[in-house]
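Each residue of the sequence shown is one higher than the one before, counting from 22 in this note's numbering.
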Amino acid sequence: MKITIYCQGHRYIQEIENIISLFFERGNVTINYFFSNDNDLQMKEHLNNEDGNYGIQTENEIKIFLSIEESNRKSDDESKDGIHRIAAKAQLIWEKYVPGKWNSTHSRSVDGTQSGRELQKAEKQALHVVLVEVLEQATGERQPWGILTGIRPTKLLHRFLLDGLSEEEAHRELEENFLVKPEKIKLLQEIVDIQKKVIPDLYQLNRDVSLYIGIPFCPTKCAYCTFPAYAIHGRQGSVDTFLKSLHQEMRAIGKWLRERQIRVTTIYFGGGTPTSISASEMDELYQVMADSIPYMDQVREWTVEAGRPDTLEKDKLEVMKRWNVDRISINPQSFIQETLTTIGRHHTVEETIETFQLARSMGFNNINMDLIIGLPGEGETEFSHSLKMIEELMPESLTVHTLSFKRASAMTQNRKRYEISEQDEIRTMMEMASQWTEEHSYFPYYLYRQKNILGNLENIGYSLPGKESMYNIIIMEERQTIIGLGCGAVSKLIPPGSEKIIRWPNPKEPKVYYETYQEIIRKKIEKLNEIYLDN
């Protein structure tokens with residue numbers, strides 16, 4: 022499909038291509054610009070000419086005209102500082118279908134005192150609205166999430182409510198200015214209500230912090246994965262030096278927390294696979310943490326993402342039980358053996374079941390499991406089988422991911438090797454998951470979306486009442502500083518009383534982390550002192 026975009030008044034190339042990709046996975050997109058006075062006039066004349074055509078067109082060619090205008094003006098009923106009035110127009114021509122031409126307009130007002138960045142955001146959103154509207158009209162393809170791509174929708178709803186909007190007003194904003202469909206707005210409100218029940222002081226947590234500890238080792242790396250994950254076999258030297266560095270970073274951050282009398286809300290061990298290291302190494306790491314982090318008895322939740330069933334032996338479960346770990350993950354991703362082999366997970370379905378049952382017999386009563394919709398070779402039949410297996414185990418929480426083609430993953434780089442279901446089947450599988458969880462009294466408590474996610478869908482965490490992960494809520498809603506320790510850990514530093522987010526990544530490679538950890542600690546504490554100086 023050849024798609025030609027004609028732009029007037031803007032140069033938002035990447036944003037336009039992101040929207041186009043929701044409708045045409047393999048579109049050949051060309052973008053042209055109109056910026057001179059003559060071309061501006063030509064563009065306007067064309068957009069206002071209902072009978073006009075623009076060049077020769079075939080049924081396999083789409084032409085889209087996108088314009089945006091701004092004006093500054095004052096009136097008695099507007100802000101004394103004036104406002105920016107943004108008006109976007111779109112026209113799509115496609116002779117393959119009747120009527121062959123579709124139009125959309127959208128306008129919004131922006132406070133004239135806003136920064137240039139805020140004005141650009143408003144421009145992009147207005148363009149997205151008209152572009153999605155004409156594409157929906159022309160293709161008949163419905164986008165439940167409207168213009169939202171790669172964003173946390175629940176965070177947006179939280180923001181509207183914090184700004185003083187009523188639920189009705191917030192929902193109208195999502196529907197009119199972001200084109201979010203009613204069923205998704207209902208889902209968002211359900212999740213926000215549960216989050217505020219699970220963490221009643223969610224909006225007041227910004228003085229305290231949470232901790233993320235990244236362990237960058239796995240038995241093997243999955244084909245869809247882009248997390249820091251290095252095969253642990255044959256790397257004991259790297260493991261030893263990494264853990265020594267992590268101990269030092271943990272002690273330094275613990276000292277800083279103690280001096281500032283800052284409490285830790287939640288602790289999350291991720292990776293990689295945190296249970297790739299030995300039981301004795303886990304035990305020593307937890308001891309260092311207990312000795313270093315102040316107010317450990319006040320930590321609300323401690324999660325260890327075991328993830329790979331082939332890393333969980335009885336001695337490791339005993340270590341976690343002895344240290345009173347609150348929540349663990351045992352993630353099958355699929356209960357189809359062929360799928361596990363295809364994606365590079367070298368464990369069996371039987372190992373997943375046996376490991377889960379072992380953990381349950383040892384008293385673990387808050388276990389999460391993950392399933393991924395859209396894995397290679399899987400359709401409704403295979404996904405239905407995985408749901409039936411989940412029903413036999415009944416973990417306390419179930420996270421349903423939709424496969425995302427992340428740029429650096431092996432699956433993305435070799436995409437032709439993997440057979441993936443069509444979008445309609447992907448969406449049907451998500452409906453199956455939603456229906457199954459509702460029937461079994463699991464409720465959605467967090468949600469996030471990614472770019473290049475199949476079917477333009479979402480990832481949803483479901484849980485039985487009272488078994489929600491506080492850490493997952495905190496990291497998704499970005500209401501609190503999360504200090505990342507270890508390889509590939511990204512700190513999200515949020516100055517108390519602010520919504521500004523400062524990303525502070527640690528190196529992903531264990532060798533680099535070991536060689537630079539002292540400098541990492543020094544700079545991180547300098548930044549923490551800076552943002553907590555007056556708080």
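Every residue gets a Cβ at the ideal spot worked out from N, C-alpha and C, and that includes glycine.
ask   = Skipping 5 residues on each side, what residues in its chain have a beta carbon closer than 6 Å to that of residue 77?
value = For residue 77, the predicted structure reports a pLDDT of 48, less than 50, and the residue's modelled location is therefore unreliable. A value from the coordinates is still provided. Within the same chain, residue 77 has no close Cβ partners at all.
query = Where residue 27 and residue 51 are concerned, what is the direct C-alpha to C-alpha distance, given to the nearest angstrom?
reply = Straight-line Cα distance between these residues: approximately 9 Å.
inquiry  = Alpha carbons only, please: which of 236, 148, 483 is nearest the one belonging to residue 302?
reply    = 236
task = State the CB to CB distance for the pair residue 350 and residue 389, rounded to an integer number of angstroms; the pair is presumed to be in contact (CB under 8 Å).
result = Contact check for residue 350 and residue 389: beta-carbon distance about 4 Å, within the 8 Å limit, so the pair qualifies.
inquiry  = Please state whether the Cβ-Cβ distance between residue 504 and residue 230 is less than 8 Å.
reply    = yes
request  = Would you kindly report the start and end of the unbroken alpha helix (DSSP H) that includes residue 545?
outcome  = Element bounds for residue 545: 531-553.
message = Quick check on the burial criterion: 16 or more other C-beta atoms within 10 angstroms. Buried or exposed for residue 59?
response = Low confidence applies here, because residue 59 scores a pLDDT of 47, under 50, leaving its location unreliable; read the following figure in that light. Only exposed fits residue 59, as fewer than 16 other CB atoms lie within 10 angstroms of its CB.
message = Considering Cα atoms alone, identify which of 81, 36, 319 is closest to residue 282.
response = 319
ask   = With contact counted as at least three CB pairs below 8 Å, one residue from each stretch, are the region 325-332 and the region 287-301 in contact?
value = Using a C-beta cut-off of 8 Å, the region 325-332 makes contact with the region 287-301, since at least three inter-stretch Cβ pairs fall below that distance.
ask   = Does the region 386-406 come close enough to the region 349-366 to have 3 or more Cβ pairs within less than 8 Å?
value = yes
query = Out of curiosity, what's the CA-to-CA distance linking residue 466 and residue 81?
reply = 43 Å
key: Pairwise C-alpha distance: residue 313 and residue 525   = 21 Å
key: Beta-carbon proximity of residue 146 to residue 178, cut-off 8 Å   = With a cutoff of 8 Å on beta-carbon distance, residue 146 and residue 178 are scored as not near each other.
ask   = Can you check whether the CB of residue 143 is closer than 8 Å to the CB of residue 129?
value = yes
task = Go ahead and pull the three-state DSSP assignment for residue 143.
result = helix
task = With DSSP as the reference, label residue 404 as helix, strand or coil.
result = helix
message = Given this structure, state the Cα-to-Cα distance separating residue 275 from residue 379, to the nearest angstrom.
response = Using only the alpha carbons, I get a separation of about 33 Å.
inquiry  = Beta-carbon within less than 7 Å of residue 456's beta-carbon, same chain only, minus the 5 sequence neighbours each way: which residues are those?
reply    = Here the set comprises nothing.
task = Starting from the Cα of residue 554, find the closest Cα among 528, 309, 537, 515 and give me that residue.
result = It is 515.
query = When DSSP labels each residue in this structure, what does residue 442 get in the three-state scheme?
reply = DSSP, reduced to helix, strand and coil, places residue 442 outside both helices and strands of the structure shown, so it counts as coil.
task = Pull up the distance between the alpha-carbon of residue 521 and that of residue 358, whole angstroms please.
result = 45 Å
query = In this structure, does DSSP put residue 409 in helix, strand or coil?
reply = helix
query = Taking buried to mean at least 16 other C-beta atoms within 10 Å of its own C-beta, is residue 30 buried or exposed?
reply = buried
ask   = Does the Cβ-Cβ distance between residue 534 and residue 508 come in under 8 Å?
value = yes
inquiry  = Quick check on residue 531: buried or exposed, where buried means 16 or more other Cβ atoms within 10 Å of its Cβ?
reply    = buried
inquiry  = So, under 8 Å CB-CB, residue 423 and residue 451 are touching, yes? Tell me the CB distance rounded to an integer number of Å.
reply    = Between residue 451 and residue 423 the Cβ distance is about 7 Å, and since that is below 8 Å, they are a contact.
request  = Give the secondary structure of residue 45 by DSSP, where H, G and I count as helix, E and B as strand, and everything else as coil.
outcome  = The answer is coil: DSSP assigns residue 45 none of H, G, I, E or B.
ask   = Can you name the start and end residues of the alpha helix (DSSP H) that residue 307 belongs to?
value = 300-313
task = Measure the CB-CB distance between residue 333 and residue 362 and report whether it falls below 8 Å.
result = no
inquiry  = Under DSSP, the alpha helix (DSSP H) around residue 391 begins and ends at which residues?
reply    = Counting along the chain, no alpha helix (DSSP H) covers residue 391; the unbroken beta strand (DSSP E) around it starts and ends at 388-394.
ask   = Cβ of residue 53 within 8 Å of Cβ of residue 24?
value = no
key: Beta carbon of residue 195 nearer than 8 Å to that of residue 212   = no
query = Per DSSP, which one or two residues make a beta bridge with residue 349?
reply = 325, 388
request  = Since I believe residue 113 is in contact with residue 159 (beta carbons under 8 Å), could you give me their beta-carbon distance rounded to a whole number of angstroms?
outcome  = Taking 8 Å as the upper bound for CB-CB distance, residue 159 and residue 113 are in contact here, some 5 Å apart.
message = Three or more C-beta pairs under 8 Å: does that hold for the region 189-204 against the region 153-171?
response = yes
request  = Use the C-beta contact count for residue 286: other C-beta atoms within 10 angstroms, 16 or more gives buried, fewer gives exposed.
outcome  = Classification for residue 286: buried.
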